[in-house]
Amino acid sequence: MRKCILLSLFAMLCNIGFAQYKTVDFNYEKSTFNNGQPLPAETYFELTGDISKAINIVEIQIYDENGYPSRKPLYQKLWKRPFNHTAERFVIPLNYNLRGDEEYDFAILYFKKASDTEILNFRNELFGNLDAYLDQNFDFSRKRISLLKDTRSMVDDMNQIVTSAMSYYRTQINRDFEGFSDLVKDDIERVENSKQNRMLGRKSTEAENLARKNELINALKTRVHAEVAYLLNSGLQVLVDIKHIDNYKTEKTQTIFTLHGGYGGAYFDQSQNNNLFGQGIMAGVTLPLGKAQFASPFWSNTSIMMGVYFNDFQLNDNITATGPLLQRPYYLGVGYKVYRFLRVSAGATLLENNGQINGREVSNAVYVRPYISLTADINLWIGLAK
60 MRKCILLSLF AMLCNIGFAQ YKTVDFNYEK STFNNGQPLP AETYFELTGD ISKAINIVEI
120 QIYDENGYPS RKPLYQKLWK RPFNHTAERF VIPLNYNLRG DEEYDFAILY FKKASDTEIL
180 NFRNELFGNL DAYLDQNFDF SRKRISLLKD TRSMVDDMNQ IVTSAMSYYR TQINRDFEGF
240 SDLVKDDIER VENSKQNRML GRKSTEAENL ARKNELINAL KTRVHAEVAY LLNSGLQVLV
300 DIKHIDNYKT EKTQTIFTLH GGYGGAYFDQ SQNNNLFGQG IMAGVTLPLG KAQFASPFWS
360 NTSIMMGVYF NDFQLNDNIT ATGPLLQRPY YLGVGYKVYR FLRVSAGATL LENNGQINGR
420 EVSNAVYVRP YISLTADINL WIGLAK
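Numbers given in the numbering used here equal positions in the sequence shown, counted from 1, plus 59.
So, in structure tokens, the structure goes:
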């Protein structure tokens, strides 16, 4: 009983140990991780580093090699200072698998609370850019207002204006801008569909038309301003520093070579043979279509299977099904992992008949037959000793 308890505790400790993230320390002054050591590959890890008490948000962005700043990040995540927390270190669990023996670009962004003046400047700049865009894309000719772009394009452009402006800011409640609502789209179409002569008369002056135009446009601007105003009241944080780490190396990973062995059988036409199935022990190579760390479960569990049977198949008293060249049946198929290291597979077996009928040698052309099998994977780790 005591042994069982000790074994259970040992297993629990092992599981806890394996569940822990590797810790990687970032040195701000040197712009290195773990004193210049390569980053962990094909596993999640935890990034930590020093910060001042003024920093409330730290964001890390991971790019492919030479991807910063022209491309979108492969992965990004931020740390937010807890309420009334004065720690001078950040900790960010990174749930992203880096590929082994490759280089990545990293950007670490530091944000502090925006002052009242900075919030006001941000507000004026954002509202001003949106207003200028609307003014440029409405054409007022005679008594009708028309759009220079379609409504959807205008909304997309305004979304981009807000997104670009927010690249230097974050909100304390971590609320992203989700785009303008359909109400803005409806208001844009309402402005375009309005005709001045219905309200002002056919002999309205140019000044009256201009006043009516400004009234409609200003109502639209008010709606647009209202839909982004929440960003100003969400504990706005402003970017104060960026550390760029260029082409940082990951650790080399071991190459895994997967073999398999098991039992399978090929199907034959019983009208021509005494035996319906040819069966026997098989072994070969497993070629996974994806790694579990980078592919979906379906593709990481699916593989190409190829190999050879250890025995020939006896079709009847006189004819044996073997294979060309090696004189053993070959197979090629697709396998799927059904439980840990066990795979079922199906495909084609390459065969050639040998034997004698009425004293004459039989050597038929190469042909194929379907097969099914159950095999077990055997992983071999290949690497050079350090």
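Where a beta carbon is used, it is the ideal one built from N, C-alpha and C, also for glycine.
Bear in mind that the values here come from a model prediction, so they are computed numbers and not experimental data.
- A direct Cα-to-Cα measurement between Val83 and Pro347 gives close to 30 angstroms.
- Val393: member of the beta strand (DSSP E) spanning 389–398, first to last residue.
- Looking only at Asn218, Thr230, Lys350, Ala351, the smallest Cα-Cα distance to Ser240 is reached by Asn218.
- Straight through space, the alpha carbons of Val243 and Arg282 are spaced by roughly 7 angstroms.
- By the criterion of a C-beta distance shorter than 6 angstroms, Ala113 is surrounded in its chain by Lys171, once the five residues flanking it on both sides are discounted.
- Annotated three-state conformation of Arg428 is strand, per DSSP.
- In this structure, the CA atom of Gly324 is about 31 angstroms from the CA atom of Thr314.
- Assigned with DSSP and collapsed to three states, Lys136 falls in strand.
- For Phe149, same chain residues with a beta-carbon under 7 angstroms away, outside a window of 5 residues either side, are Thr107, Gly108, Ile110, Val117, Trp138 in chain order.
- Approximately 5 angstroms separates the beta-carbon atoms of Leu157 and Thr309; this is inside 8 angstroms, confirming the contact.
- By the neighbour-count criterion, in which a residue is buried when 16 or more other Cβ atoms sit within 10 angstroms of its Cβ, His319 is buried.
- At least 8 angstroms separates the beta-carbon of Gln96 from that of Ala166.
- Bridge pairing for Gly366: Gly343, Tyr390 [DSSP].
- With three or more CB-CB distances shorter than 8 angstroms, the region 337–357 counts as touching the region 378–395.
- By DSSP's assignment, Asn306 forms no beta bridge with any residue.
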